[in-house]
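Each residue of the sequence shown is one higher than the one before, counting from 962 in this note's numbering.
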Amino acid sequence: SVPQMMWTVILALMPIVLAFVILFGFHAFRILTVAVASALLMEMGMRRLFKKRASLHDGSAVITALLLALLLPPTLPTWTVALGSVFAVAVGKEIFGGLGQNPFNPTLVGMAFLHTSFPWLSHFSTRSLVAVEIWICVLALFLGGLILLMKRLIYWEVPLLFGVIVVALSFLTKSGQGSALFFINLFLASLFLVTDPVTTPLTRLGVRWFAIGAGLLTGVM
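Here it is in structure tokens:
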């Protein structure tokens, strides 16, 4: 069922969420908690506003919030995280009718809103990671990806195609090289964003071309 799929994705996110908290401590726990709480409250409020059945049980708002928090700098102000999470759920998903009817990935809608509205977000940088910490993140993401593959929720070629194209273009344009955070975020995006079942094609051939197109657009931009 859809809720089972969504909660399996949440399970797959748990290794990197745990690594995030271990590496960045209280700040990571703060933005994860704020993002999830804001997303759940906004979804509940929007559902009541539009007089629709509650949908918190499907887990989609939790996925949106977790991914948003993982992509944001841990030191970001609390209100900014809450605003991004609220916008992601309200405008990215609920305003279109809820899960299954949203044309864009809600997490990326929230990210686009924050970076467009608050250009100073780029001043909040994540501290550099040492080799051991980088490998912790890579292992955590690998475990998450393995869960998704074992449960047949993603096709293996989608993250591979997307990742290879983005990395190749980053080296050609000399952007993102040497940045551990760049590759960790790329790994996260290739497993959990490009594979989103709602905003990607239905056929296996379709998602392959989608991954190629997404990789080219991401690399170029």
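Note that the Cβ used here is the ideal one computed from N, Cα and C, for glycine as well.
Under the three-state reduction of DSSP output, I1115 falls in the coil class, being neither helix nor strand. One thing to note: L993 has its Cβ within 8 Å of the Cβ of V978.
Burial state of I1024 is buried, judged by a 10 Å Cβ sphere holding 16 or more other Cβ atoms.
A residue is called buried once 16 or more other Cβ atoms fall within 10 Å of its Cβ, and P1162, having fewer, is exposed.
Annotation: R1008 to F1132 spans about 45 Å, alpha carbon to alpha carbon.
Going by DSSP, I977 is part of the alpha helix (DSSP H) stretching over V963 to L1010. Between P1035 and H1084, the CB-CB gap reaches or exceeds 8 Å. Taking a 10 Å sphere around the C-beta of E1004, we find 16 or more other C-beta atoms and assign the residue as buried. Collapsing the DSSP output to three states places N1146 in a helix. Spanning the alpha carbons of V1181 and K1012 requires a straight line of approximately 42 Å. Burial check for A1092: the Cβ neighbour count within 10 Å stays below 16, so the residue is exposed.
Between the alpha carbons of G1059 and G1105 lies a distance of about 25 Å.
Taking 8 Å as the cut-off, the beta carbon of A1000 is found closer than this to the beta carbon of A1022.
For L1031 and F981, the gap between their C-alpha atoms comes out near 7 Å. DSSP, reduced to helix, strand and coil, places D1019 within a helical segment of the structure shown.
Shortest Cα-Cα distance from A1141 to any of L1069, S962, R1014 and S1089 involves S1089. Here F1079 carries a coil assignment [DSSP, helix/strand/coil]. Ranked by how close their Cα comes to the Cα of L1017, the residues F1103, P1080 and K1054 have K1054 in first place.
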